[in-house]
Amino acid sequence: MTARRVLILSPHANRIENTVRVPSLKGVHFSIFSDWRGGAEALRKENFSVIVARKFSKEQGTQAYVADLLALAPKTSLILILGEKDGPSVLEALKGGASEILFEESLVATLVPCLEKYLLSGHGLLR
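Counting with the numbering used here, you get residues 170 to 296 for the letters of the sequence shown.
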């Protein structure tokens, strides 16, 4: 079985890291970046099971951000985090190829179950 690896790419990566440090995800390797360049470089060098990402720039469209990420890792499941006020961006994200959309306001309750779905059930293996 290959190692389960998750890339966390967000300006608030430390908050997300604290959310995923739970017993059910023990053994999962997390690579955490709060800057786009570091995360993009990691995607070029390593394979990940799942990407958890939040946009860095309000100027960049959601569909373009998702496309940029998936251009670096086309077969990797992408969980995109949006703010509640970003609701209209959901359709853009899905059109761009995001696997899941989670809202930052409910992230503490939704992120771990979503990661478990992709990492432990094999949900994203055929993608």
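Even for Gly, the Cβ is constructed at its ideal location relative to N, Cα and C.
The alpha-carbon separation between ARG223 and SER193 amounts to approximately 23 Å.
In this structure, the alpha-carbon of ALA182 lies about 20 Å from that of ALA262.
Judged by beta-carbon spacing, GLY252 lies within the 9 Å limit of PHE272, meaning their Cβ atoms are closer than that value. Contiguous alpha helix (DSSP H) elements confined to the segment 220 to 292 occur at 231 to 241, 258 to 265, 276 to 289, taking only those with 4 or more residues.
Counting the other Cβ atoms within 10 Å of the Cβ of ASP255 gives 16 or more, which makes it buried.
Excluding its 5 nearest sequence neighbours in each direction, THR279 has C-beta neighbours in its own chain below 8 Å: LEU271, PHE272, listed in chain order.
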